[in-house]
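Trainee:
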Amino acid sequence: MTDQAAPATLDLLVFSDDATVRQQVMNGVGRRPAKGMPLVSWTEAATAEGVRLAMKDRQQAGQDPFAALVLDAETKKLGGMGLAHELFTELEQRPPVVLLTARPQDDWLAAWAKAEVVVPRPLDPLGLQEGVAKALRARRGSVTPAG
């Protein structure tokens, strides 16, 4: 536990090339991922480059990094798994990652990507809330990464 005060809002990023998936995630998580957690503020990205730019913009503005990233593993071109792994290897400290997967067989890839949490499809609001809350707790060191 740290002595830092809890943030007023949790800034989260959702990445998917499908606007419907992004909306499902935001609606599923709702106003806050768990009781006692701050309200959520979302940033949307439809491309991997959009994620990189959003993270860079926050850094250049002197803002804290995103509290967590929700990445769609089924996104075309560079999907959530590849992006999560890239960010893990390139950043000094990557925000915790929630990966949205389509198949249970993808769990080993999620472990390779160093995702803290995997949420399977079809997306379930309770599963999304629990997954995001678990990832946020992982940042504080109370949860170990998936895999």
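Residue numbers (the UniProt record's numbering): 1 to 147.
Glycine included, every Cβ here is placed at the ideal spot set by N, Cα and C.
Computed from a predicted structure; not experimentally measured.
Check this for me: beta carbons of PHE66 and PRO96, under 7 Å apart or not?
Mentor: Cβ atoms of PHE66 and PRO96: not closer than 7 Å.
Trainee: Tell me the rounded alpha-carbon separation between ARG22 and VAL14.
Mentor: The alpha-carbon atoms of ARG22 and VAL14 are separated by roughly 6 Å.
Trainee: Would you list the residues sitting across from SER41 in a DSSP beta bridge?
Mentor: BP columns for SER41 point to ASP11.
Trainee: Which residues bound the beta strand (DSSP E) around LEU69?
Mentor: Counting along the chain, the beta strand (DSSP E) containing LEU69 begins and ends at 68 to 72.
Trainee: Could you pull out every unbroken alpha helix (DSSP H) segment of at least 4 residues lying fully inside the UniProt domain "Response regulatory" (11 to 136), listed in chain order?
Mentor: Qualifying alpha helix (DSSP H) stretches, in chain order: 19 to 29, 48 to 60, 80 to 90 and 107 to 112.
Trainee: In terms of alpha-carbon separation, which member of VAL25, LEU12, GLY36 and LEU71 lies closest to ARG58?
Mentor: When only C-alpha atoms are compared, the closest one is LEU12.
Trainee: Identify, in the order they occur along the chain, each residue of the same chain with its Cβ nearer than 7 Å to the Cβ of ALA8, setting aside the five sequence neighbours on each side.
Mentor: Answer for ALA8: PRO38, listed in chain order.
Trainee: Under the rule that 16 or more other beta-carbon atoms within 10 Å means buried, what is residue 185, buried or exposed?
Mentor: Any question about residue 185 goes unanswered here, given that the chain covers just 1 to 147.
Trainee: When you compare each of PRO104, GLY36, ARG52 and LEU100 to residue 163 by their alpha carbons, which one comes out closest?
Mentor: Here the chain has residues from 1 to 147 only, and residue 163 is not among them.
Trainee: Please report the distance separating the alpha-carbon of LEU71 from that of MET81.
Mentor: Their backbone Cα atoms lie some 8 Å apart in a straight line.
Trainee: Assuming PRO104 and PRO120 make a contact with CB atoms under 8 Å, what is their CB distance in whole Å?
Mentor: The Cβ separation is near 7 Å, so the contact holds.
Trainee: With a threshold of 16 other CB atoms inside 10 Å of the CB of ALA113, please say whether the residue is buried or exposed.
Mentor: With 16 or more Cβ atoms within 10 Å of its Cβ, ALA113 is classed as buried.
Trainee: Evaluate GLU90 with the Cβ neighbour count: other Cβ atoms within 10 Å of its Cβ, from every protein chain shown; 16 or more gives buried, anything less gives exposed.
Mentor: Label assigned to GLU90: exposed.
Trainee: Alpha carbon to alpha carbon, how far is TRP64 from ALA54?
Mentor: Correcting the residue type first, residue 64 is Asp in the shown sequence and not Trp. Each residue's Cα considered, the two are about 12 Å apart.
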